[in-house]
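Each protein sequence line maps, in turn, to chains E and D.
Here the first sequence is numbered in my numbering, starting from 1 and rising by one per residue.
Here the second sequence is numbered in my numbering, starting from 116 and rising by one per residue.
Backbone N, C-alpha and C define an ideal beta-carbon position, used for all residues, glycine too.
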Amino acid sequence: DVKVTQSSRYLVKRTGEKVFLECVQDMDHENMFWYRQDPGLGLRLIYFSYDVKMKEKGDIPEGYSVSREKKERFSLILESASTNQTSMYLCASSSPGDRGSHEQYFGPGTRLTVT
Amino acid sequence: EDQVTQSPEALRLQEGESSSLNCSYTVSGLRGLFWYRQDPGKGPEFLFTLYSAGEEKEKERLKATLTKKESFLHITAPKPEDSATYLCAVQAYRGGGADGLTFGKGTHLIIQP
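Structure follows, in structure tokens:
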């Protein structure tokens, strides 16, 4: 079974703090993703990576950066946390299937509260 | 811009009462349509991938179907443990490589005993 783990289930940070969210997958997947999920807005893509040291902006990258130094690990960084970044953060990984699909497997999520 | 609309937003059924959830989509070249189940406080759990119109996939009490404009998730004789939020997502062709999914807002399903 694919396993995607995230470093924390719950996190509370203060406004202005630098925040690191870590994600690790154990299936040798090429692709990794960060989403945030908010009530009424659904899941929205922040950043993704299709290879080590490669990154692409998603739909809402402002206020975030990412790092992928190893294939299995993808980090999301909030340079200066703000209250509007309070959310559930979900990491996912994928690899091309037989028909080129990219079904993504998700971690358990990190619920971040910025006060 | 890819768009996914799910209906209804919420659905309450009696145990054993079959029904369908709808996912309407617009995408410039569909690579795949995905269904996920999400329990409260957890990450989405992958259920199905559909690639082309006319395709169907089944798993236990769930069956997913696809047309050129929408997908249905049929739930037959549901049980209380089927209660969850069901998410639909699409992925478009954008010249190879990975791409994120575009998700609908989900249907919150409650099955009452």
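Checklist entry - At a CB-CB cut-off below 8 Å, which residues of chain E make contact with K220 of chain D? => result Residues of chain E passing the Cβ test: G40, L41 and G42.
Next on the checklist: Ignoring anything shorter than 3 residues, give me the beta strand (DSSP E) runs that lie fully in the stretch 59–107 of chain E, in order along the chain.
Outcome noted: Secondary structure within the stretch 59–107 of chain E: the beta strand (DSSP E) runs of 3 or more consecutive residues, fully enclosed, are 64–70, 73–78 and 87–94 (chain order).
Item to check | Neighbourhood of S7 of chain E by C-beta, 6 Å cutoff - its chain only, sequence neighbours within 5 removed | outcome: Residues E22 of the same chain have their beta carbon placed closer than 6 Å to that of S7 of chain E, with the five preceding and five following residues left out of the count.
Checklist entry - Rounded to whole angstroms, how far is the Cβ of R111 of chain E from the Cβ of M88 of chain E, which I believe are closer than 8 Å? => result With a Cβ gap of about 5 Å, R111 of chain E and M88 of chain E count as contacting.
Next on the checklist: Check this for me: beta carbons of P155 of chain D and P195 of chain D, under 8 Å apart or not?
Outcome noted: Not in contact: P155 of chain D and P195 of chain D (Cβ atoms no closer than 8 Å).
Checklist entry - If the cut is a Cβ gap below 7 Å, which residues of chain D does L45 of chain E touch? => result Residues of chain D passing the Cβ test: G215.
Checklist entry - Which residues, taken in chain order from the stretch 125–154 of chain D, show a beta carbon closer than 9 Å to some beta carbon of chain E? => result Those would be R146, G147, F149, Y151 and Q153, in chain order.
Checklist entry - Since S7 of chain E is in the beta strand (DSSP E), which residue starts that stretch and which ends it? => result For S7 of chain E, no beta strand (DSSP E) segment is defined, and its DSSP state is neither H nor E.
Checklist entry - Nearest chain D C-beta to Y105 of chain E closer than 8 Å, yes or no? => result Residue-level contact by beta carbon holds for Y105 of chain E and chain D, with a gap shorter than 8 Å.
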